[in-house]
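For the sequence shown, counting from 1, position 18 maps to 20 in our numbering; every step adds exactly one. Here's the structure we're looking at; comments come further down.
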Amino acid sequence: MKNSKSHFRFSKQERSGIFYLLLLLILILGAKWLWINYGTQSQPSSLIINQELQKELDSLRALAKQKDTLKLYPFNPNYISDYKAYFLGLSSGELENIIRFRAKDSFMNSPEDFQNVSGISDSMLKRSLPFLRFPKWKTKKRGQASKKELTPTWSNVKTVIDINLATKEDLMQVKGIGEKLAARTIKFRDKLGGFVTEEQFMDVYGLPPEVAQKAMQIFKVLKKPSITPVNINTAPYEELVQLIYIDKKTAWAIVQYRDRNGVFKSYQELKNLHGFPSDKLDRIALYLSL
């Protein structure tokens, strides 16, 4: 009886074909696996970079849009802030010129003064004029004397009071200053060791800016207190933190910045410190030296 031929037996040629077919399948599957695991690894990085770039672009667009939509109302440039200087297009050097000038308790009373002090160009002054408002003064003759006395038109107060001698009752004469705000102002004055400039009314907690402006027309620094400026290039942390405008974090940031970058060459460098109250730099500078 003859043995029947098995269906699972292949010739040598058939076995070779099957082997190469399996090898080809293995190579294809291996290549696919490599592509999935390694070939696309760079894609997430590119995606992350693109996302970061997009965020940066979106941020820049938002800033540009914000600048276009924000409005700047006319203001007294003697009290210019970083934001207002940025809006006008002043450079850091031009703003520093104003801060140094104001640190001497001097005032700008005209557009010409503003240009001379800041050092801006004629074209910059022309663009800035719609936003600048200087105190309006009127002349008042004393009898037949030829002398002229400058008097603020917005104030009907006949007597100027020294802020460093003012009592709580004196302060309460200003509309908007009650007993609490008057007491808080005196407490703030005591911590300062005395007002060095009238602008420090702006730093009294809870005192509305418009009320502070009224107070600044009535109360003046007639006699400056004796202040020993703190050298920010040599003062240790313990001395810096004693200044009312500088908290512990800012004092520590000043010391660290000094260690990394060397001495401060300008008060404007303080703006590089995270959390520094840049809007108060002109007042803070009164208590500092380089």
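Even glycine gets a Cβ: it sits at the ideal position worked out from N, Cα and C.
Item                                                                                                                                                                    : Value
Looking only at DSSP bridge pairs, what is phenylalanine 221 linked to?                                                                                                 : Ile163
If I'm right that threonine 199 touches arginine 102 with Cβ under 8 Å, what's the distance once you round it to whole angstroms?                                       : Rounded, the Cβ-Cβ distance is 14 Å, inconsistent with contact.
For serine 291, list the residues DSSP reports as bridge partners.                                                                                                      : Asn233
Contact defined as beta carbons within less than 8 Å: I believe tyrosine 289 pairs with proline 231. What is the distance between those atoms, to the nearest angstrom? : 6 Å
Please report how far the alpha carbon of arginine 17 lies from the alpha carbon of leucine 29, in whole angstroms.                                                     : 18 Å
For serine 130, count neighbouring Cβ atoms within 10 angstroms of its own Cβ and tell me buried if that reaches 16, exposed if not.                                    : buried
What are the boundary residues of the alpha helix (DSSP H) that isoleucine 248 is part of?                                                                              : No alpha helix (DSSP H) holds isoleucine 248; DSSP gives it neither H nor E.
At 3 residues or longer, what runs of the beta strand (DSSP E) sit wholly inside the stretch 84-143?                                                                    : 139-143
Is phenylalanine 77 helix, strand or coil when you go by DSSP?                                                                                                          : strand
Going by CA-CA distance only, name the one from Trp37, Phe203, Gly180, Asn111 that's closest to lysine 282.                                                             : Phe203
Taking the CB atoms as reference points, tell me whether asparagine 78 and arginine 135 lie closer together than 8 Å.                                                   : yes
Only counting runs of 4 or more residues, tell me where the alpha helix (DSSP H) segments fall wholly within the stretch 166-225, in order along the chain.             : 170-173, 181-194, 211-220
Helix, strand or coil for threonine 280 per DSSP?                                                                                                                       : Here the sequence assigns serine to residue 280, which means threonine is not the residue at that position. If DSSP states are grouped into helix, strand and coil, serine 280 belongs with the helices.
Between the alpha carbons of asparagine 111 and alanine 105, how many angstroms are there, rounded?                                                                     : 16 Å
Can you tell me whether glutamate 181 sits near the ligand PLP, meaning its C-beta is under 7 Å from at least one heavy atom of the ligand?                             : What this structure holds is no ligand at all, so the ligand PLP is not there to describe.
Assuming isoleucine 246 and leucine 275 form a contact by the criterion Cβ under 8 Å, report the distance between their Cβ atoms to the nearest whole angstrom.         : Actually they are not in contact, since the Cβ atoms of isoleucine 246 and leucine 275 sit about 17 Å apart, beyond 8 Å.
Counting Cβ pairs, one atom from each stretch, are 3 or more of them under 8 Å apart for the stretch 179-190 and the stretch 222-230?                                   : no
Alpha carbon to alpha carbon, how far is phenylalanine 89 from proline 113? Give it in angstroms, no decimals.                                                          : 17 Å
With burial defined as no fewer than 16 other Cβ atoms inside 10 Å of the residue's Cβ, what is the status of serine 157: buried or exposed?                            : Residue placement at serine 157 is flagged as unreliable, the pLDDT there being 42, under the threshold of 50; a coordinate-derived value is accordingly withheld.
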